[in-house]
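Here the sequence shown is numbered in our numbering, starting from 1161 and rising by one per residue. So the structure is just underneath, and the comments pick up after that.
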Amino acid sequence: MAEGGEREELLSPPPVSPAKRLCSWPSPRAHHPRGSPGTAGGGAGGGGGGGLPPGARPHLQPESLLDCAAKTVAEKWAYERVEERFERIPEPVQRRIVYWSFPRNEREICMYSSFQHRGGPGAGAAGGGAAGASPAEEGPPPPPGAAAPAGSAPGAAAAGASPGLGSAAGAAGEGLPFRRGIRLLDSGSVENVLQVGFHLSGTVTEPATTSEPAMTYKVAISFDRCKITSVTCGCGNKDIFYCAHVVALSLYRIRKPDQVKLRLPISETLFQMNRDQLQKFIQYLITAHHTEVLPTAQKLADEILSSNSEINQVNGAPDPTAGASIDDENCWHLDEEQVKEQVKLFLSQGCYYGSGKQLNSMFAKVREMLRMRDSNGARMLTLITEQFMADPRLTLWRQQGTSMTDKCRQLWDELGALWVCIILNPHCKLEEKSSWLQQLQKWSDLDVCPLEDGNYGHELPNITNALPQSASHSPEHVPTACARVDALHSHGYPKEALRLTVAIINTLRLQQQRQLEIYKHQKKELLQRGTTAITNLEGWVGHPLDPIGCLFLTLTEACRLNDDSCLEVSDMNESRPPVYQHVPMAAGCPNSSESYLSLALEVALMGLGQQRVMPEGLYAQDKVCRNEEQLLSRLQELQLDDELVQTLQKQCLLLLEGGPFSGLGEVIHRESVPMHTFAKYLFSALLPHDPDLSYKLALRAMRLPVLENSTSTGDTSHPQHMVSVVPSRYPRWFTLGHLESQQCELASTMLTAAKGDTLRLRTILEAIQKHIHSSSLIFKLAQDAFKIATPTDSSTDSTLLNVALELGLQVMRMTLSTLNWRRREMVRWLVTCATEVGVRALVSILQSWYTLFTPTEATSIVAATAVSHTTILRLSLDYPQREELASCARTLALQCAMKDPQSCALSALTLCEKDHIAFEAAYQIAIDAAAGGMTHSQLFTIARYMELRGYPLRAFKLASLAMSHLNLAYNQDTHPAINDVLWACALSHSLGKNELAALIPLVVKSVHCATVLSDILRRCTVTAPGLAGIPGRRSSGKLMSTDKAPLRQLLDATINAYINTTHSRLTHISPRHYGEFIEFLSKARETFLLPQDGHLQFAQFIDNLKQIYKGKKKLMLLVRERFG
1161 MAEGGEREEL LSPPPVSPAK RLCSWPSPRA HHPRGSPGTA GGGAGGGGGG
1211 GLPPGARPHL QPESLLDCAA KTVAEKWAYE RVEERFERIP EPVQRRIVYW
1261 SFPRNEREIC MYSSFQHRGG PGAGAAGGGA AGASPAEEGP PPPPGAAAPA
1311 GSAPGAAAAG ASPGLGSAAG AAGEGLPFRR GIRLLDSGSV ENVLQVGFHL
1361 SGTVTEPATT SEPAMTYKVA ISFDRCKITS VTCGCGNKDI FYCAHVVALS
1411 LYRIRKPDQV KLRLPISETL FQMNRDQLQK FIQYLITAHH TEVLPTAQKL
1461 ADEILSSNSE INQVNGAPDP TAGASIDDEN CWHLDEEQVK EQVKLFLSQG
1511 CYYGSGKQLN SMFAKVREML RMRDSNGARM LTLITEQFMA DPRLTLWRQQ
1561 GTSMTDKCRQ LWDELGALWV CIILNPHCKL EEKSSWLQQL QKWSDLDVCP
1611 LEDGNYGHEL PNITNALPQS ASHSPEHVPT ACARVDALHS HGYPKEALRL
1661 TVAIINTLRL QQQRQLEIYK HQKKELLQRG TTAITNLEGW VGHPLDPIGC
1711 LFLTLTEACR LNDDSCLEVS DMNESRPPVY QHVPMAAGCP NSSESYLSLA
1761 LEVALMGLGQ QRVMPEGLYA QDKVCRNEEQ LLSRLQELQL DDELVQTLQK
1811 QCLLLLEGGP FSGLGEVIHR ESVPMHTFAK YLFSALLPHD PDLSYKLALR
1861 AMRLPVLENS TSTGDTSHPQ HMVSVVPSRY PRWFTLGHLE SQQCELASTM
1911 LTAAKGDTLR LRTILEAIQK HIHSSSLIFK LAQDAFKIAT PTDSSTDSTL
1961 LNVALELGLQ VMRMTLSTLN WRRREMVRWL VTCATEVGVR ALVSILQSWY
2011 TLFTPTEATS IVAATAVSHT TILRLSLDYP QREELASCAR TLALQCAMKD
2061 PQSCALSALT LCEKDHIAFE AAYQIAIDAA AGGMTHSQLF TIARYMELRG
2111 YPLRAFKLAS LAMSHLNLAY NQDTHPAIND VLWACALSHS LGKNELAALI
2161 PLVVKSVHCA TVLSDILRRC TVTAPGLAGI PGRRSSGKLM STDKAPLRQL
2211 LDATINAYIN TTHSRLTHIS PRHYGEFIEF LSKARETFLL PQDGHLQFAQ
2261 FIDNLKQIYK GKKKLMLLVR ERFG
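Written as structure tokens, this is what we have:
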């Protein structure tokens, strides 16, 4: 494998470029300054003199004029142009040009050897200065041994030119090619390094591991104008980026240039040979590699000897080491096929399993290339876009009529934003811009190209229009102007981006002032109407171009204190929050007394506070919420000092006075995007500095007009929104649940802050009751308030506790007539809250139960809990208080029993146990309701309760009423009411013969199941009646006979039930049930034999069966065998 790289290099076709006739020159060590970014200033030794020749002393030495000129020429000119321009080039000049043509910045090597980049949202334009500058902007290198100048230090340090990159990055990035390349370099694995002209070669040895032996790979690198133009490595790397071996060799050349053997291009060396030397050279070369090059050598020899061959029609010969020709494109090597394969693979995984993260990393890599002004940025984005357009899911979604997933939409958004950034490149030539637009139009015309989800599709102006240069022109579309800022920022023009940002903010300020003036003239009329059709035509938060985010990022990046000792090499690393400082605006600006940081805060507040209509579509609405949360998370990173607090106060006052143009104005559009999340940030930020303003803002923001106003005022001015209005009431706000939860969070934040302040709590409570329309959210607020008011480690706050109770009462009223699966939980919580408030609260809810609870809830939960022993102990109630509660509970119980006797009679009896009059009243209510809608089950339950309380005769009366409601068919031998029937019969039997005689006719009428009747009959004959010991009654002590009343009637009914059941079962009997049927007849015989002539009746019954069902021969045989 180690030889593979060399074989591939030797057999590859020579590049088609003219022959280079180069002159040789000496290579004095004195002309090796090493202070450019990524060279000696950050060498392997970490000091200034780590790469100095042996015995040399580090000392300050100015760069020679030769090196200054050679560096510039090596970076800007193709070497062929140098040769054409000058007839003779001195050898030292040629050597220094070749020397300086290799890349000098390790950041660029890092960029092409890993996905990782400078982290954070500002990756697209991080650094804002020399750190992201192109080599053209680098300052002169320091002399050997000196530290790199301030202009180049960030680039070198951040890119990892120093050992700090190897140590501070952390273990998370140890597997990256760049990190592995540094380890290989530091371990001395790079050997045999040779630079021949514009070609660098060497060997890199991978150390042995426990599973694999050491492997040596041959590496070859071609370069031109400080860019690597091609790489070859024997490891066979298949990836977008360079392998660790290419990294190791490149860094060796950057950090240790004096240890690299430098030779002239091979054509120059051959030119210095005579004929004999050339023949010897060729024969030795063929001998050393005869198996690989002999066929090619013979073919070339044949063509050269043929006078008519094509090779003899060209002057000179190609030289792969002589640099690029004038017409060659000067760009870094990028494996296009691997880019395509990687994007295709990630898309095939559906943006899951980390593939979405990988695609975002590729987008970040494009931004990094743009910041370095690398032409491969646009090239790589084109390749990515082609694969996105070829995604087979686009066709599938189109055919099925379904929308793409949110993850895919987010990727498409970033794709579009990058293209805007490329098109708006200030140095993009017109023909290049025209070419891009043609390509974009071509993609857009494809059927599978997804459409923008939102209201922006037809509102975006031509993004190629130039920014107006004079005040007479109308101002440019704000998002497009902000996109220009992003383009400047992303292409490494931070100063220009800042200037344009300030101009845009000044324009927005003027616009804000004009809107205030317009509102002052219309204020009286708008306040009278209470609604408005006025709204900003386009929302900036959630816009595809993210205008506010661009401005905020540009301004904060200029104020960011960068920690260049650490490069974020893994997305898994926990990045530290950024630290900002006030940076005064550039001199000459109209508001130069301000800082960029205060401007960043101001523009974020202006954008977030803009009143705008909610866009259509789920994704567009979700994007509004996500973008708002992203901006607020960045705002929370700012440490508010006095200057920022002043900016905050000023802008908040403007938002409050902004009328319909502000989301916090007095009158807003019905479908305006709510301000709850924004107001929560403002409230928390302002509270320590200006409590009155913070509460005013938060209370103003509590509204949710789309749920509060059923009219559609203003919709006519926006016909694009009329489609979304549901005929009943609401437009299609897919994120309404999230918005309501944010409204709840705002209210909860205010409640927490206002703890102990009765006036503010009352105002907040009124706002909640007016604006929050979800019972579950109000219940959550009530629970939050209760939790805050009753901390475990301190005393209870009565003011907030009363608010919790008020909210709980509102929830009870809201959910009383509607279905809510949490209703029982809510009722129990309210009783707990009222208990915590005190006895007066309990009395109040007991007295007004009908407005809060259903009768069942009032009796079974509320009243029962209020008079429980636990409540008495919790409140330490005295006797009068206990009696008051009990009296209220009894009154409630009787009222509920009258309203819903079926559900509440038993609970009413239980609650009235200790008061004879109330108990009698509850009993009478139950008796009166028995004839109505009460079921046998409810009556039996009450009857059992009465027996348990020592009222057997009342229990018997209720049981008799229950029996009249019951009907048991012949086959219902497992009916749940059977136990109640047996209990009722046992109760009547225990009371005496008269009660039994009264109940048996009811049993005979209601029960037709033979087995149940026989069971009752058996039980009545086992013991004598009247054993209950009723005062004034005496038991005879004699067993009852089945031949006499009242049991005779029961016996006859039982026999008839057996006869009827037998015929019913025989109608559809199957052979597998024969055995079960014989057992049934055996039980019937036991009942038949109870009277004196019972055996004759049973025999006659069996004979009848044999006659009627003689066709069932097998069954009748079994009957005959058992019964004769």
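For glycine and all other residues, C-beta sits at the position ideal for the given N, C-alpha and C. These numbers were taken from a predicted model, which means no experiment stands behind them.
In or out: residue i buried (at least 16 other Cβ within 10 Å) or exposed?
i, result
"residue 2277", "exposed"
"residue 2179", "exposed"
"residue 1166", "Residue placement at residue 1166 is poorly supported in this model, since its pLDDT is 37, which falls under 50; the coordinates are not used for a value here."
"residue 2023", "buried"
"residue 1508", "exposed"
"residue 2039", "exposed"
"residue 2279", "buried"
"residue 1631", "Note that residue 1631 has pLDDT 37, beneath the 50 cutoff, so the model's placement of it is unreliable and the number below is only indicative. By the 10 Å Cβ count, residue 1631 comes out exposed."
"residue 1398", "exposed"
"residue 1442", "exposed"
"residue 1700", "buried"
Quick check on residue i: does DSSP put it in helix, strand or coil?
i, result
"residue 1799", "coil"
"residue 2161", "helix"
"residue 1393", "strand"
"residue 1787", "helix"
"residue 1533", "coil"
"residue 1189", "Summary for residue 1189: the model assigns pLDDT 34, below 50, so the residue's position carries little reliability; its value from the coordinates is reported in the next sentence. Correct three-state label for residue 1189: helix."
"residue 1740", "strand"
"residue 2264", "helix"
"residue 2003", "helix"
"residue 1594", "helix"
"residue 1475", "coil"
Is the beta carbon of residue j closer than 8 Å to that of residue i?
i, j, result
"residue 2168", "residue 2129", "yes"
"residue 1861", "residue 1839", "yes"
"residue 1996", "residue 1961", "yes"
"residue 1369", "residue 1349", "no"
"residue 2026", "residue 2001", "no"
"residue 1826", "residue 1774", "no"
"residue 1379", "residue 1390", "no"
"residue 2098", "residue 2161", "no"
"residue 2019", "residue 2064", "yes"
"residue 1358", "residue 1561", "no"
"residue 1572", "residue 1563", "no"
"residue 1578", "residue 1541", "yes"
"residue 1385", "residue 1236", "yes"
Under the DSSP definition of a beta bridge, which residues are partnered with residue i?
i, result
"residue 1351", "1363"
"residue 1929", "According to DSSP, which records beta bridges pairwise, residue 1929 is partnered with nothing at all."
"residue 1376", "1365"
"residue 1384", "1387"
"residue 1421", "1354"
"residue 1832", "1773"
"residue 2167", "2128"
Do you know whose CA, among the options, lies nearest residue i's CA?
i, options, result
"residue 1611", "1599, 1568, 1648", "1568"
"residue 1685", "1814, 1819, 1705, 1419", "1819"
"residue 1586", "1603, 1359, 1530", "1530"
"residue 1265", "1232, 1411, 1400, 1394", "1411"
"residue 1951", "1970, 1516, 1912", "1912"
"residue 1793", "1492, 1713, 1821", "1713"
"residue 2212", "1809, 1704, 2163", "2163"
"residue 1339", "1367, 1353, 1404", "1404"
Counting only beta-carbon atoms, is residue i nearer than 8 Å to chain C?
i, result
"residue 1454", "You won't find chain C in this structure, because it holds only one protein chain."
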